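There are 2 protein chains.
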Amino acid sequence: MKLTTLDKSLQILDLLSKNPQGLSLLEMSNMIGFPKSSIHHILSTFLPYDYVSQNAETKKYLLGFKFLSLSRVILDSIDVRKIANKYLFELHDKLRERHGECKEAIHLAILRNGKVIYIDKIDTQAGLSLATYIGFRTDPHAAAGGKVLLSELSPKEILTIYQGRSLKPYGKNTITSIDELFKELEKIKKQGYAIDNEEYYEGVRCVAAPIRAGGKIVAAMSITGSIFTMTMERINNELKQLVVDKAHKISSEMQW
Amino acid sequence: MKLTTLDKSLQILDLLSKNPQGLSLLEMSNMIGFPKSSIHHILSTFLPYDYVSQNAETKKYLLGFKFLSLSRVILDSIDVRKIANKYLFELHDKLRERHGECKEAIHLAILRNGKVIYIDKIDTQAGLSLATYIGFRTDPHAAAGGKVLLSELSPKEILTIYQGRSLKPYGKNTITSIDELFKELEKIKKQGYAIDNEEYYEGVRCVAAPIRAGGKIVAAMSITGSIFTMTMERINNELKQLVVDKAHKISSEMQW
DNA sequence: AATGTAGTTTCATTATATGAAATAAAATAT
DNA sequence: ATATTTTATTTCATATAATGAAACTACATT
Chain P
619 MKLTTLDKSL
629 QILDLLSKNP
639 QGLSLLEMSN
649 MIGFPKSSIH
659 HILSTFLPYD
669 YVSQNAETKK
679 YLLGFKFLSL
689 SRVILDSIDV
699 RKIANKYLFE
709 LHDKLRERHG
719 ECKEAIHLAI
729 LRNGKVIYID
739 KIDTQAGLSL
749 ATYIGFRTDP
759 HAAAGGKVLL
769 SELSPKEILT
779 IYQGRSLKPY
789 GKNTITSIDE
799 LFKELEKIKK
809 QGYAIDNEEY
819 YEGVRCVAAP
829 IRAGGKIVAA
839 MSITGSIFTM
849 TMERINNELK
859 QLVVDKAHKI
869 SSEMQW
Chain R
619 MKLTTLDKSL
629 QILDLLSKNP
639 QGLSLLEMSN
649 MIGFPKSSIH
659 HILSTFLPYD
669 YVSQNAETKK
679 YLLGFKFLSL
689 SRVILDSIDV
699 RKIANKYLFE
709 LHDKLRERHG
719 ECKEAIHLAI
729 LRNGKVIYID
739 KIDTQAGLSL
749 ATYIGFRTDP
759 HAAAGGKVLL
769 SELSPKEILT
779 IYQGRSLKPY
789 GKNTITSIDE
799 LFKELEKIKK
809 QGYAIDNEEY
819 YEGVRCVAAP
829 IRAGGKIVAA
839 MSITGSIFTM
849 TMERINNELK
859 QLVVDKAHKI
869 SSEMQW
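So the sequences go chain by chain: P and R. Add 618 to the 1-based position in the first sequence for the working numbering, that's all there is to it. Add 618 to the 1-based position in the second sequence for the working numbering, that's all there is to it.
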C-alpha cells in the first residue's frame, strides 16, 4: 500500500529538485495541481528537518541542506570508497607527473539494483570533462566500469537486470544486443579489464578494472578521457596496466 | 499544522541515517516504536523514489542513492561554488608547489539560517584532517570562515542568530561572549580576513577571507591546518595574503 | 490609505493511515 | 525432507489524520 500523503510530499521534493533556484507556494500549486494550503502543510513538516528551506526574503522554498549530510552518511558507509580514495589520488598524481597535467578523470563505481553508480571521482585538471558526478547513474552495458561490474555475474543475474528493457544505445559503439554483451563480458573476464571505446559518449574512451572483496567484484576503478589524449595505443601501453595495478592494490586492502 | 504521517516518515529516514549499515523492519519497529506494518507502508512508499533501498539478500533497508543526486542539485545551484572551485585548486596547487605537499585543507563555506555550511573542500594531501566535509555545519562564532561571514552583518542580524542560545565553546580559544564577538568582527571587517587560533578545535588554526557579490559577503574561503604547519608567522607572512587574493579573484568573477 | 498579492492558519468534512491479524517467504532446527 | 521459527508482506475495518475552501495576515504596490 502506497501512502498518498507521503507520495505527494515526495512529488513536492521532486518538483523542488527540478527548480533548484526555488519556487513560491503558488508556483508549486500551479505546477503540481495540489491546493496551496496542502502544499504548505507538507512544506512546514519538511522545514524543521531541513529537507526544505525557505528564503527569508523571497519566501521561496528550496531543497534543504539535509541532503548534503545524508549523502555523506551514504558515502561513508561504503567501505570500498574509503579504501580506494587514496589510490584514486595516487593514479591521478602519477598521470600528472608523467604528462605534466592529468587530462583524464578517475572514477570509482559500484553496481546497485542493476545500475552503475559513481561513488567517487577525481576530475580532469584540464580539457573537457564528462558530466559524471558522485551519485551519477548509468546503464552498465554502456560503460567500461559497468561492464567490469557485470563481468563475473551469472547470465541469469544479467538477464534479470535487462529483463523487459533493451540495451539502450548511448554512444556510437554502444553494445546493443545481449549476445554481444555476453561475448564482451567473457573477454573482459579473461583479460581482467574493460575498455569503453566511444560506447557511452562520442569522443570519449574509458578503461576500467575490477576491485574485489571476498572473491567478488565489488567496485570498478576507471580512467576516462577524450579520444585525443586516450588513444588505443596509450590505453594498451600505459593506462590499462596502471588501473589494473591500482585496483589490485585496493582489492588486497579490502576485508575478505 | 504538522503532517503526522510525513513526520513519522522523516523519523524513519533519520533512523536509517543513524544506522547506515541498514536495519531490518523489526529492528526499526523496536527502535522507534511504530508497528512494523506501519513502517512497511512508509518504506514501500519511499522505495520507488529511491529515498530508501533494500538489500536483496538480507532484506535490510538502507538510505537510497536519491540523496546523492539531490545533493548534486543543491551544490550545482550555488553559483559561488562553481566559480570558486577552480581557485580552491589553484590555492591547493600553489601550496603544494611551495612546500612539496599541501598539508592544509581548503574550504569554501556559506551562511544559511545562522549556520556555517561547508560547500566545497580540498582535503590535505598528508597529515591529520579535520572531520569537515561538504555539507558539514557549525556555529559561525567558532570558525574563521564563520566569523568572516558574520563580519558585515548588522548587530541585529547577529543577535537574531544567537538569540536564545549562548556562544558554545568548541576549542580552547572559542569566543564565548557576544561583546567579544562584536569586537572581533570589527577587527575582521577592518583587516579583511579572519583567523581562528584553536577556537574550533585544539591544535587547529585557520585563516579565511570573504568572497563578495553585489557588495555583500556571500561566501568565505579558508585554509585550515595544524598549529605545527600553520604557525602564526606563516599565516601572517604567507597564507593570509594567498587566501585574500584568491577570494578577491573569485569576487571579481561573481555576478553583481 | 487603499488595493492587490501571496503566504499562512483554521476547522468541518472526507479520505487516508493505522495496525492487529493473516499470510507468505525464508531461514533454521529436527 | 519436514517442522518450526522468524521475519517480511499484505489485508481491511476502524480510528485518525489529511484535505482544501475560506478566512486571515503580512507585505508590496498603486
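The beta-carbon is built from N, C-alpha and C at its ideal position, and this holds for glycine as well. Just so you know, these numbers come straight off a predicted model, no measurement behind them.
Between which two residues does the beta strand (DSSP E) carrying residue i extend?
i, result
"L616/P", "A query on residue 616/P cannot be resolved here, the shown segment of chain P reaching from 619 to 874 and no further."
"Q672/R", "V670 to Q672"
"S840/R", "K834 to S844"
"I779/P", "I779/P -> not in any beta strand (DSSP E); alpha helix (DSSP H) instead, spanning P773 to I779."
"K937/P", "Missing from the structure shown is residue 937/P; chain P here goes from 619 to 874 and no further."
"N815/R", "A812 to N815"
"R830/P", "V822 to A831"
Candidates the options: which alpha carbon is nearest residue i's?
i, options, result
"S844/R", "I829/R, N815/R and Q629/R", "N815/R"
"T756/R", "L771/R, S769/R, K733/R and V766/R", "K733/R"
"E770/R", "K677/R, I701/R and E804/R", "E804/R"
"H710/R", "R699/R, A702/R, I701/R and A723/R", "A723/R"
"Y819/P", "I776/P, I853/P, I752/P and L746/P", "L746/P"
"V836/P", "L768/P, E817/P and L785/P", "L768/P"
"H717/R", "K801/R, L857/R and G832/R", "L857/R"
"L634/R", "A674/P, I650/P, S642/P and S689/P", "S689/P"
"D625/R", "S662/P, N648/P, L641/P and I650/P", "S662/P"
"V825/P", "E851/P, F685/P, K786/P and S655/P", "E851/P"
"M619/P", "I660/R, E871/R and G810/R", "I660/R"
"S772/P", "S695/P, K834/P and V861/P", "K834/P"
"K864/P", "M848/P, N855/P, F846/P and M839/P", "M839/P"
"S795/P", "Q809/P, A827/P, A760/P and A674/P", "A760/P"
"I806/P", "F707/P, L729/P, V862/P and T849/P", "V862/P"
"T847/P", "S784/P, F685/P, R714/P and K654/P", "R714/P"
"N854/R", "S784/R, S870/R and G810/R", "G810/R"
"A744/R", "T623/P, G753/P and E708/P", "E708/P"
"Q873/R", "G789/R, T623/R and V698/R", "V698/R"
"E802/R", "P758/R, S784/R and R783/R", "P758/R"
"D797/P", "L785/P, M649/P, S870/P and A674/P", "L785/P"
"A827/R", "E871/R, H866/R, G789/R and N791/R", "H866/R"
"F664/P", "I779/R, D632/R and T849/R", "D632/R"
"N673/P", "L729/R, S647/R and Y788/R", "L729/R"
Check whether the Cβ atoms of residue i and residue j lie closer than 8 Å to each other.
i, j, result
"A727/R", "I737/R", "yes"
"L681/R", "I630/P", "no"
"A702/R", "I841/R", "no"
"Y667/R", "L628/P", "yes"
"Y705/R", "I868/R", "yes"
"E817/R", "I793/R", "yes"
"F652/R", "I735/P", "no"
"C720/P", "T742/P", "yes"
"L748/P", "V822/P", "yes"
"A812/R", "K765/R", "yes"
"P638/R", "S695/P", "yes"
"K654/R", "L644/R", "yes"
"N731/R", "S656/P", "no"
"K700/P", "L860/P", "no"
"G753/R", "H725/R", "no"
"T676/P", "T623/R", "no"
"F685/P", "F685/R", "yes"
Between which two residues does the alpha helix (DSSP H) carrying residue i extend?
i, result
"A865/P", "K858 to E871"
"K808/R", "I796 to Q809"
"D632/R", "T622 to S635"
"I650/P", "L643 to I650"
"A762/P", "A762 to L768"
For this session: Scan the region 664-717 of chain P and note each continuous alpha helix (DSSP H) run of 4 residues or more that stays entirely inside, going in chain order.
Result: Whole alpha helix (DSSP H) segments, 4+ residues: 684-694 and 697-717.
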